Structure formats: C-alpha cells, structure tokens
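Chemist: Residue numbers (this note's numbering), protein chains in the order written: chain L, 1 to 500; chain V, 501 to 1477.
Glycine included, C-beta positions come from ideal geometry on N, C-alpha and C.
Since the model is a prediction, treat every value here as computed from it, not as a measurement.
Starting off with a structure, shown below.
Next up, the structure:
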C-alpha cells in the first residue's frame, strides 16, 4: 500500500513538472505562416480575393454589393430608385430619407457599409499578397498572381474613388500605422497605374468571373469616362481607346438572359460576381428587398417563394422613361398583382388591392403598394432566400454606351449612332434622329436601371446636383460621401471630406 | 446565513472529529452511585435527523456523564428525579427531567445554536476549510435547508434571493432556459460574469452537475481576498458547493413534489368582440372579420404538470461511508411542447486506510436533460394576429393568412420537431494523506464532460422556413471535457495562542471542446424527420461542419493564515496562472491578496457587553483577481479559416473553398484584472441575531471587448483587446434572527439587502480609442434596423438607455421628445432584497420567501411596438392602446423605458411533520405555492427580464415567455436503522 502511495506521489510530481506548456494547439484552423506553400494552397488563397467581392455581414455593418447597403446607398442617392418609409417599416433611423434627399451625414450606416465593403476587401487582398510573398513560388510564378490580386484591389479603390474620393491608400498588410487620406487625384493615379502595371500579366482570353485584360480595359474606360467628374481632366479619347481594346464579347439578343438565374452563359458579361446558394454564398437577396409581403403568391400557387420585405422601388419618373415597346421596361414591375391560387388580385392587410404604382403620394408614409418594383433579375418559384444568379458588374453594352457617350461629348454624335443602334435594336426601340446628351442620359437609365451605377452617371451628367423627386438641389461637395464618422473617431490621422 | 447543521461538514475533517471525540471522552468523567438508579438509552439527533456523534450527556450537578458514540447512541445510569443535560458544540443544550415514567430509549433532538456555531463551523475557502471564526474574507454560507425549495429547473434557482450581493435571474418562464448569476455587479463586458463554481473541490464545473437535494452547503466567496486563490478565474466570485456525504449510520430518504402551474400574467390584447366593436365604431376600411374568437396567447399555453422525485441512501461506519441519490424531474412548461426533463444520479464514497492516515474519496455525478427548444417568434405572432382568425380552418388545417409577421403561432409551435439533450458527467478521485496531524497532502484528479445534442425538423408544410426549404433537418453535437489535476500540501499547527495554517499547491487544467453538425433540406417525405439526413436532396456548402479546440491552464498557489488568541487574524494568498489563451507577450498572470480581521468581542475590554453583544468582528482585505472567460481560444493568433468563403472556378465549373485570414491577431491579449477592497463587520446580538455588513469597491482593468478598430489598416473591423476600465462599489447587509425559540413555537427570519453602483471608467487607451459602444440592439423590430437603445460610455453603467426624453403626448397624440438624446435610465438595480421567514408550531411549519429588485429600468419594446396606430385593423393591439391617444409611429424614447422594480413572493410553504419514532424517523407533508404574487408597477408581462449579456440586457421585446405560478404537494420521508 505504502509503495502505491509513493508511486502516486512520484507520478504526480512528474506530471506536474511536465505540465507547464502553454502553446496553443490548433485542430480546425491553420496559422498563417503554415499555409500557402503548395500551388493548391495558393489557389485557395487567391480564391479568397474573389470571394471578398461578395461582401459580408458582421456586427458592424451589412456590406453587400447586391443590396444592403452598398447597392442601396448608390441607388437611393440616384434618380432611379428610392426607399420610401411605409408606416413604421423602412424608417430605420431615417437613413433612407436622408439619402433620398441628399442630406446624409457621416453617421449614416449605409455609408459605413460601403466604406467597409471596400476596405475589408482591400485588407484581404493585401493579406493574400503577404501570403504570396511568403510562399515558395518563383518570382516569375508570382507575377501573374500579383497582377490579378492588385487588379482586384484596384477595383475596390475605383469604388472608393467614386464614392469617397480622398481615401487612404494602403498596400502593406503588416503595416498597422493609422493611415492618412490621399487626395482624390492620388487615388485616381493609383488606380490607373495599378491597372496599367497589371495589364501585361493578366490573362488575355475570356475567363468568366476572373480579372482578365478585358476587365481591366473596361475598368480603365470607366475611369477615363468619369475622369472629368473625378479629377477635372476630360479623357474621352482615352476612354474610347480602352473600349476598343475590349474584345470577344457580343450583345446578347435576349436582354434578360443577362439577368437569368443561369446568367453565366451570356457572352455579354465581362465581369460578374458568381453566386450559388448551394456553395454557401450570401448577400444575394435583392428581390426580397423590393417586392410586397404578399408577392410570393404571384410567383407560386402555394406561396413557395421567400419572404419579401417591401422596400426599395423605382423613384417616380424613372418608369415613365420607357416606351411601351421597350423590352427593357420589364426591368420594372408595375400594375395589379395576381394571386396564382385564386386568379384574382391580391388583397393587402389594408383591404386594398395590391397594385404597384409609379406614383408615391407620401415619401415618408407611403402605401404598401406604391412604387414600381425592381425586377431585372429572374424570379422563380421555389427559390431560396439566397438567389443563384450571378451579379453583373460589367457587360459589353456598357462598352458600347461609353464609346457612344464619348463621341457625343467630343461633338461627333453621328459616330455614336452605330453603338446606340445596337443597344436600341435589341430593346425594340429606335435611335432618334438627333443624338444628344439627354438621350444618352435617358438611354443609360433604361439600359442599366438598377445595376448600381446610376449615381455615377447622374454626377457625370450633372443632374445629381439639380432638384428631383423628394430632393432639393444638391451642393457640389456632396458628389462624394463623407468619410464615416466612426472611422474618423478611431483614426485621428483621417480627415473628413471638404465641407462635411 | 450561518445556522445549524454542522454534521455534513464534520466528516470532511475526520481527524478533527476524532480529536473532538477523544477530547470529550477525556473531559467527561463517569461517576455514578448505585442507589435508585435507572439506565437510560437512546440516540441523539440534530434537527435533520442525523445522529450527533460526540454529543455529551451529563447528569446535572454531578460529574456523571457520557458521550454519544459514532452513531449518536448513548447509555447512562442516572438517579430518578435528576435532570439530564444533553449538549454539543454548536447546539442549544437541552435539559430533560428523568422520572419513573421516562421511556427508554430516549431519543433526543438538539437544535442548532446560531451564535456559538461560528466557533466550530467550517467554511470552504478553496483548497481547504477554515473555522468561520477565523475568516478574514467576505464569505456567505447557505446551508441545505436554506436553499430555495420547489419545482426548480436549475440549481442556480436554489440560490435566488439567498445571498446578499448575488443576483440570480431566470430571464423567462421557460424551464429549459436556465438562469444566470451575477455577484457584486459583474466585471466583464465580454465574458459571462457567472461566478466560478467549485463542486467538492473541483473548480470550473457546471453548477447543474449537482442537484439542490444533494447540496449540503454553499459557500459564496465574495471579495478578492477570498477569491484570489482562484486567480484568473476568481473575479466574479466563487461559489463552493459541498455535497452531502455520510459518516455513520444508515438512512434512506425520499422526497417528492408534484404540482400544476399556469401562466401568471398575460398582455391584455383586444378580444374578438372588442376588435369588432372598434372596427364598427370607427367604420374602419379593410377590416376583415374571420368569424372566430381566438385568444392567441392562451392558444399557446396549457396547464403544466411538474413532478420531481429524489431517492437517496447513505451508509457508513468509522472508516468508510457512502451516499448516493437519484433525482428525476419533469417540469412541463406552460407553453405547449416546452419543458425540461432531468434524470440525475450521484454517488460518493470515502474510505480511510492505514490508521486514518489516508482517505480516498470517489465521486460521480451524472445528469441527462431533455427538452424541446422553443421558437420565440411565436410570442410576437400571438400579439399580431387578428383575434377573429380561427386557429384551424374548416378542414382542420392551420389557418393561414398572408402577411409579414403574421404566421399562425400555433402552427409554428406544433408543426416542427425539436429535441435537445444534454448529458453531464463529473467524476473525481481524491486522495488525502495525513502525514502527521499537522501536515496533510491532497491529490485530486477529476474529469468533467458536458455533451449536447440538438435535433430539428421543419416539415415541408411548415410556413416559416420549412416550406421554402422543402423540409429541413438538422443535427448538431457539441461537447467539452475538462481534465484537472490539483495537488496541494497544507500545514496546520497551534502553538499556545498562535494558530498557523499554510498551504501551497499546483493545478493543471486541460479543456477540450469539439463538435459537428449537419443539415439538409429538400425531403421528398416528412416521415423521416431529423433521423435520416441522407434523404434530403438539397445539399449546400456549409451543410456539414466540425470543429475542435483546446486550452490549458497551469497554476501555482499558496495561502497562509495566522491567528493570535482568536483575536487577530491575517491571511495572505498568491496565485500565478499561465494560460494558452493568453497572448505571447502576457503568458503568466499574478494574483495576490491579503486580509486581516479583529475579533473585537474576544477582547477583555468587551467583557461587560457580552450579555448582549455576542460577536463583533471587523475584517478588511484587498486582492487582485482575474477573468479569462472572455478570451476564448486562439484569439491572439493570426489564423486562416475556411468556412462560407467559397469561390467559383471557371476552369472546372465548380465551387472551391477559399482560405482567408479571419481575425486581427493580438499577441498582447490577457486576462481582465479586478482589484477589490472589502471591509466587513460580523456581529451577534442577544444570542438571537447574527449578521454581517460588507462594503466593497472593485475596479476591473484591461477590460476585454471586441473593440471596433479602424479600417484601414486593420483586416477586419473588430479586434478583441484589453482596453477599458469598469468599477463597482456597493454595500451588503445580511441579518438572521431567531425571534422566538421555545419548545412549541419557533420563528426565524432572514433578510439580505445589497446595493451596487457600476460605472464605466475608461474605454480607451493609447492604441484604441472608443467614445461609445452602442448596445441593446433593436434590430429585428419593424423599422428599427440597426438602431440601438443603449450605450456603453465612460461615466455610465453598462446597460444605460440612451434616447430621447419624452414628456408625454401633445394634443395630437404625438410624442413630445427632447432635442438631443440623453441618459434615460439604466438596467442596474439600486437595491436587491431577499427575505424569508420560517414558523414552526408543534408539528406544523409555515415559511415564505421572496426577493425583489428595485430601481432598475427596462425598455418595454413589446409595448413600444404594440402601441402603434398603424396596427389596426390588421394587427391586434393591447386594450389600453385605444385609450392611450398615441398617434405617432413607434419611436424609441423614455416613454417606453419603465421602472421595473418588483418584489416577488417566491415561495410559500405549509407543512406538517407526522410525529413518529419507529419506522420513519421523519415524515413530512407540505403544500407549496411558487410565484404566487409579484408586486410591481411595470406594464409588461413580467418585470424580471434577462439582465445579463451585452446584446440586449433589460430589453423586453416579444420574448415574453410568462412565468408560471405553481401549486404543489410534497412529501419527505426518511428511514433509519
């Protein structure tokens, strides 16, 4: 017995002596230094840069490019969409009312959402570049990977340039100093040089959903098209030159094929963010943000369609821009909504029929049925909350329209006609005898309604600063958003945009 | 809190007990004369029916006496007409006159003496016990008979209202929802703030491992000088639970309780007829009368049955003892399908060997819980639905009326299957070596395992989710295991008036957690429910997952306490903790404490007051403790994770997984450290009243919080870091009074009061600057997306409501609001009260207890959303809305922040003990009412709202599971040989 006790004691002491190791043992995660050594691992890292484009949702913001709130911010600030307050619904602290009226302040959560979409993506790309630095790849192998990553990063900086202007440029993942603003011109130059430097190493062929040469050309064309608005330097000719580099795409005869659930086959798409709910992608639920609460019964006899929140709709005036013969008019849903089970018009809680109308009588207390709805993307019975269609970022129609606009702006409207004809022909309309900027402006709305880019067009055409529905005139400084207050609070080196 | 019943504690120190026995034997001198003598036999019990080994039996005025043996038996020869005095330390001496009619055996029951008990009562202090009279720290003790009784669903509830400074809140009436505890205000923004639970010496275990019926005593260590011995886990206090064990005799007991409960309150919504008359009277357009008369709240409820049975057995002799028990309870919830069923068993055994030089203790606790988790969305739906809608349509199917938040709650409640199960296991093997009477060594090996399984099935007919998913099945499993080794040496020696106790030890804890889950949807049939996930044909990335992690904690600790002449005491402790969770730059934390006490009543100059002032002790202490719960594993590292982050690969037309960094690494991460001062005064008056008064002040530094960091440069927007500072100050008063104590009638009362004031001192340091943190999210309430009701801000307590001040309604029924948002209340109570009284008259007993919280505010978000002029006719409203005159849309303001002060009559019991000596040593029947009344001015369903956590403390927002009122009948039987 005594022997046993001694054994226990000795064992105890031995165990004691050996049990002071405090390293963390990892099981379901890897430390960054341990990853990125094999080609497969490198591929999995670069994949993260693309997945970042879908945005994210965390405790601070919903930062989805497809709806909440990067898309909402840009759309509501433009002349094609609005989010009216319906009773108590969609008030949310007044963030949509502010945006519609161009009276946003730096505390508007949608602005923070957009800022964080870009910088989270940028930091992620920077961290992947750091991982590639550490990897055992040869310098030659690294070059195309760096080019692709930096081009994606340039896309984020392009969006910052467009929305915020004077933003910090950070490229080093390990540098955690609090950065200061660069000027809008510096950001502009950075985007241009990054894309130009990446171009030689980017892939020339069409690779769906990847950052290829064609994508870089299109983005550069966008940069030059808006150059005057961004930094006061008109570069219409440069824009045309870049458009001319884009090759291998064509206008899809079926306009809505670009927005079908299986839209990845359309040869018009230059750059899209792929979604597949089975692959766990999140954030792609715009349809549920626009339709009425009862809309499910217009899609399915049994109501087999996700819940809809009755929010964003077209700004009054946008729907009337379409001719009845214009096929693109179906981008907006108007009129009586039929219950498939009964064949009669759906009745709302108020007892009134559900008829989507263009007019919105009272912006701050709109009726449930007011406002025509965003219906560009396909809607299918049995869909899940997370939709499967890919999110269109750039398509060939834009390359045509950019050239047309540049020719009109350079005083040669007739050179624009062949491009405009292609667009009109598909839509079932005709290019007018006189081509002017007003026509271009309206045609851009009709062609690209609810593709998240109208605010930039409004600014370029100057209409942004003029009064429109539920908005007075807008001072020039509001052509960019304020830097979010919460970021200024945390980083004293950061300065607010002028006049905010 | 310190009353009777020391017998549970004595076996813990068997050597001490042996000493007492020997001492008493020496003291008692047997002298008897042989004339007119009579031999009296019998057994001496305490009021619980446990034998009192070592009790003294003396013939008054003589030196004739004896001592009860290990089983409490005695035998004495006495003269007729003399008086026997039966006494024992800590008990009131009982005189019995012996005459010809005196029966033998003469069994005697002694009542505990509240005041003198302190001298010998042992209090668990962590890694050992101390005499209560020697304590220098703030420790409250609750004995088994003082615990809350009734149809409890969690062990925490047994302490509700019993300890000054300890707040126990069960946020809802759902039996499976568990309760949270908070001592002296809580110290963390991130961690749970639950005190560290120590069961039979094993720290960090789940309190529900032990059932209330198995608890002998609970020692609550409140100040830092008492808890510093638990180092980085001691900041929120320590609750040491000692379970019942057994040294001598044999007994079997049963206790059972069976009752029925019903909802104690509802919100008064318009009935169908009220709705109709409103609609007619106002000629409301679009009102649809569906013809029925449905009270949607009541449709969700039932009369719920609660039953509980406990069977326990104990046996033991001089060298060994065992106790085991089995408890089964089935507490149905008043909302249909809810409830908690628990089966629990435990056994502990001890054995001495080698002349009591070595003692082995083996203990095993096991519980199985089963419940059906509730979809809390039903409560909001029940308030929304038009009361004229029938639950079922003419075909017997659930009525469906389209519209947002308009789903039939009865359908949600009954149309899906949720089955959850939790298994808990705790086992230990403890060896005590008594090397010499002074030197003792203890080695304790323990293992705790806690495993949870969750199953869900939403059939393809279920409106919420199930239908769009085509049937949805899910199974999840998670478990954790704590393996612990504790080894320490202790040395106790008295030299004349000096008493020294010193100990030092080492402990090693390894925590492993792991889990997996799987889900599928797209089922062709609903027949499988969650039992055949493979039959679901819709597979998505993220449908299966698993995880595993591990952490360890290494500690060295020591304590010394010295007392001189039972007048002056000093205690000092140190602990050093190293944790794998801490960042590379802060691997070891150091936690010291020191405290002193002065037993004024033992001073000579106090002799004159001894007749009324029996006890007076002044204590003071300071210590540093930590909290490392908020860190979690791997938070200091730069880690790549793989999860929902997939990307499309056009080359293979497939989706692949991306690996990305998931967090900002923080190599400086460490524990939160809390410094605490405590001053206490213990007193005893007139031999009938005891009490203590405590004052404390604590400051928590290096507050862990997931701070928002600037982007750029940081990768993600938040980062766990040690930044802020939080303070709590308060006072506590505990009073126990033995108001009347005679043979027939007894009246005991106890009262505890506590008051705490909390303040955020700092939220920034050189690196992180935070002006304000928004909390109390209103997200999910219509029109309140991304709105917050509370702030965390320097100078304010946690849970401060920040919004517009409302001075009522203007003539149009619109809210009159202040220009600026301001402080409009907070969730911190200014006073907590616990009160109890026990009356015994002959064989009858009557007792009641209650608790209350005063001064705290609650945001009645339920009413805020229901008092909405847009709701009628489609959505229902409360009766009072029609008279309220409100015409504005729901707006968050002080209008809806209500004073939620309340006092709850927790328990009322009326019992009868059947007098019998033979077969049963005890048989008691009782009737009990729980939650019979709540006194409050609060307008919601119940003022007691969950106050813990940061997400939504003090928010009443459609999570209104009503608390039950329960009436039950109970029976306790004890059988002994």
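Taking CB distances under 7 Å as the criterion, tell me whether residue 1287 of chain V reaches chain L.
Modeler: Here residue 1287 of chain V refers to the residue found at position 787 of the second chain. Yes, because at least one Cβ of chain L sits closer than 7 Å to the Cβ of residue 1287 of chain V.
Chemist: Hey, does residue 112 of chain L have any beta-carbon neighbour from chain V nearer than 7 Å?
Modeler: Walking along the first chain from the start, residue 112 of chain L turns up at place 112. So no, residue 112 of chain L is outside the interface.
Chemist: Decide if residue 525 of chain V is buried, meaning its Cβ has at least 16 other Cβ atoms within 10 Å, or exposed.
Modeler: By 1-based counting over the second chain, the position of residue 525 of chain V is 25. In this predicted model, residue 525 of chain V has a pLDDT of only 40, less than 50, meaning its place in the structure is not dependable; the value taken from the coordinates is given anyway. Label assigned to residue 525 of chain V: exposed.
Chemist: If I measure Cβ to Cβ from residue 383 of chain L and keep anything under 7 Å in the same chain, skipping five residues before and after, which residues do I get?
Modeler: As a working mapping, residue 383 of chain L is identified with position 383 in the first chain. 305 and 306.
Chemist: Per DSSP, which one or two residues make a beta bridge with residue 763 of chain V?
Modeler: Along the second chain, one-based indexing puts residue 763 of chain V at 263. Answer by DSSP bridge pairing, in chain order: V/1464.
Chemist: Sorted by chain position, which residues of the same chain lie with C-beta nearer than 6 Å to residue 812 of chain V's C-beta, five sequence neighbours on each side aside?
Modeler: Along the second chain, read from residue 1 onward, the residue named residue 812 of chain V stands at position 312. Excluding sequence neighbours, residue 812 of chain V sits near 753 and 825.
Chemist: Whose C-beta lies closer than 7 Å to the C-beta of residue 253 of chain L among residues of the same chain, with five residues either side of it excluded?
Modeler: By one-based count along the first chain, residue 253 of chain L stands at place 253. The residues are 426.
Chemist: Shorter than 7 Å from the beta carbon of residue 624 of chain V to some beta carbon of chain L?
Modeler: On the second chain, position 124 is the one that residue 624 of chain V refers to. Chain L contact via Cβ: absent.
Chemist: How would you call residue 294 of chain L, buried or exposed, if buried means at least 16 neighbouring beta carbons within 10 angstroms?
Modeler: Residue mapping note: residue 294 of chain L aligns to position 294 of the first chain, counting from 1. So residue 294 of chain L ends up on the buried side.
Chemist: If you count every other CB in all the chains shown that lies within 10 Å of the CB of residue 233 of chain L, and 16 or more means buried, which is it?
Modeler: Along the first chain, read from residue 1 onward, the residue named residue 233 of chain L stands at position 233. Residue 233 of chain L is exposed by the Cβ-count criterion.
Chemist: Assign residue 263 of chain L to one of two classes, buried (16 or more other C-beta atoms within 10 Å of its C-beta) or exposed (fewer than that).
Modeler: As a first step, residue 263 of chain L must be located in the first chain, where it is residue number 263. It counts as buried.
Chemist: Beta-carbon of residue 17 of chain L versus every beta-carbon of chain V: anything under 7 Å?
Modeler: Here residue 17 of chain L refers to the residue found at position 17 of the first chain. Because the pLDDT of residue 17 of chain L is 49, which lies under 50, any placement of that residue in the model is unreliable, and the number read from its coordinates should be weighed accordingly. Chain V, which has no Cβ nearer than 7 Å to the Cβ of residue 17 of chain L, makes this no.
Chemist: How many Å lie between residue 644 of chain V and residue 887 of chain V at the Cα?
Modeler: Within the second chain, the letter at position 144 stands for residue 644 of chain V. Within the second chain, the letter at position 387 stands for residue 887 of chain V. If you take the alpha carbons of residue 644 of chain V and residue 887 of chain V, they lie about 48 Å apart.
Chemist: So if DSSP puts residue 952 of chain V in a beta bridge, which residue, or which two residues, is it bridged to?
Modeler: Here the question's residue 952 of chain V lines up with position 452 in the second chain. Answer by DSSP bridge pairing, in chain order: V/922 and V/978.
Chemist: Is the distance from the Cβ of residue 395 of chain L to the Cβ of residue 286 of chain L below 7 Å?
Modeler: The residue given as residue 395 of chain L occupies position 395 in the first chain. The residue given as residue 286 of chain L occupies position 286 in the first chain. No, the Cβ-Cβ distance between residue 395 of chain L and residue 286 of chain L is not below 7 Å.
Chemist: So the candidates are L/247, L/224 and L/55; which of them puts its Cα closest to the Cα of residue 236 of chain L?
Modeler: Here residue 236 of chain L refers to the residue found at position 236 of the first chain. Of the candidates L/247, L/224 and L/55, the one whose C-alpha sits nearest the C-alpha of residue 236 of chain L is L/224.
Chemist: By the 7 Å beta-carbon criterion, what residues does the segment 65-98 of chain L contribute toward chain V?
Modeler: Within the segment 65-98 of chain L, the residues whose Cβ lies closer than 7 Å to some Cβ of chain V are 87, 88, 89, 90, 91, 92 and 93, listed in chain order.
Chemist: Cα separation between residue 598 of chain V and residue 576 of chain V?
Modeler: Here the question's residue 598 of chain V lines up with position 98 in the second chain. Here the question's residue 576 of chain V lines up with position 76 in the second chain. Cα to Cα, residue 598 of chain V sits roughly 12 Å from residue 576 of chain V.
Chemist: Does the beta carbon of residue 1370 of chain V sit closer than 7 Å to a beta carbon anywhere in chain L?
Modeler: Taking the first residue of the second chain as 1, we reach residue 1370 of chain V at position 870. Answer yes: the Cβ-Cβ gap between residue 1370 of chain V and chain L drops below 7 Å somewhere.
Chemist: Using the DSSP secondary-structure output, state which residues sit across from residue 939 of chain V in a beta bridge.
Modeler: Here the question's residue 939 of chain V lines up with position 439 in the second chain. Bridge partners of residue 939 of chain V: V/991.
Chemist: Within 10 angstroms of the Cβ of residue 1071 of chain V, are there 16 or more other Cβ atoms? Answer buried if so, exposed if not.
Modeler: Taking the second chain and counting its residues from 1, one reaches residue 1071 of chain V at position 571. Its Cβ being crowded by 16 or more others within 10 Å, residue 1071 of chain V is buried.
Chemist: In this structure, does DSSP put residue 338 of chain L in helix, strand or coil?
Modeler: Counting from 1 along the first chain, the entry for residue 338 of chain L is found at position 338. Note: residue 338 of chain L maps to strand in three-state DSSP.
Chemist: Could you check how far apart the C-beta atoms of residue 376 of chain L and residue 331 of chain L are, in whole angstroms? I think they sit under 8 Å.
Modeler: On the first chain, residue 376 of chain L is found 376 positions in, with the first residue counted as 1. On the first chain, residue 331 of chain L is found 331 positions in, with the first residue counted as 1. Sure, about 5 Å apart at Cβ, within 8 Å.
Chemist: Please name the residue, chosen from V/1272, V/891 and V/1246, that lies closest to residue 1299 of chain V on a Cα-to-Cα basis.
Modeler: Mapped onto the second chain, residue 1299 of chain V falls at position 799. The option with the nearest alpha carbon to residue 1299 of chain V is V/1272.
Chemist: Indicate whether the contact test is met: 3 or more Cβ pairs, each with one atom in the segment 145-164 of chain L and one in the segment 101-110 of chain L, closer than 8 Å.
Modeler: No, because fewer than three Cβ pairs between the segment 145-164 of chain L and the segment 101-110 of chain L fall closer than 8 Å, the two stretches do not touch.
Chemist: What residues in its chain sit with their C-beta under 6 Å from that of residue 1336 of chain V, if we drop five residues either side in the sequence?
Modeler: Translated into positions along the second chain, residue 1336 of chain V becomes position 836. Excluding residues within five positions, the ones whose Cβ falls inside 6 Å are 1250 and 1349.
Chemist: Could you give the distance in angstroms between the alpha-carbon of residue 242 of chain L and the alpha-carbon of residue 456 of chain L?
Modeler: Residue numbering aside, residue 242 of chain L sits at position 242 when the first chain is read from its first letter. Residue numbering aside, residue 456 of chain L sits at position 456 when the first chain is read from its first letter. Cα to Cα, the separation comes out at about 19 Å.
Chemist: Helix, strand or coil for residue 810 of chain V? Go by DSSP, reduced to three states.
Modeler: The residue labelled residue 810 of chain V in the question sits at position 310 within the second chain. If DSSP states are grouped into helix, strand and coil, residue 810 of chain V belongs with the strands.
Chemist: Would a check of beta-carbon distances place residue 1170 of chain V closer than 7 Å to chain L?
Modeler: Mapped onto the second chain, residue 1170 of chain V falls at position 670. Chain L contact via Cβ: absent.
Chemist: Less than 7 Å between the beta carbons of residue 143 of chain L and residue 201 of chain L, yes or no?
Modeler: Counting from one through the first chain, the residue named residue 143 of chain L turns up at place 143. Counting from one through the first chain, the residue named residue 201 of chain L turns up at place 201. Result yes, Cβ atoms of residue 143 of chain L and residue 201 of chain L sit closer than 7 Å.
Chemist: Taking C-beta pairs closer than 7 Å, name the residues in chain V that residue 35 of chain L reaches, listed in chain order.
Modeler: Within the first chain, residue 35 of chain L is the residue found at index 35, counting from 1. Within 7 Å Cβ-Cβ: 1140 and 1159.
Chemist: Could you check what DSSP says for residue 1118 of chain V in three-state terms: helix, strand or coil?
Modeler: Along the second chain, read from residue 1 onward, the residue named residue 1118 of chain V stands at position 618. In this structure, residue 1118 of chain V counts as strand in the three-state DSSP scheme.
Chemist: Residue 538 of chain V: which of V/573, V/600, V/936 and V/571 sits nearest, CA to CA?
Modeler: By 1-based counting over the second chain, the position of residue 538 of chain V is 38. Ranking the options by Cα distance to residue 538 of chain V, first place goes to V/600.
Chemist: Just to make sure I have the definition right: I need the residues of chain B whose C-beta is within less than 8 Å of the C-beta of residue 1050 of chain V. Which are they?
Modeler: The structure shown contains no chain B; its protein chains are L and V.
Chemist: So, for residue 1045 of chain V: in the same chain, excluding its five sequence neighbours on each side, which residues have a beta-carbon less than 6 Å away from its beta-carbon?
Modeler: If you number the second chain from 1, residue 1045 of chain V lands on position 545. Excluding positions up to five away in sequence, the list reads 1017.
Chemist: Between the segment 1157-1173 of chain V and the segment 1122-1138 of chain V, do three or more beta carbon pairs fall short of 8 Å?
Modeler: Contact holds: three or more Cβ-Cβ distances are below 8 Å.
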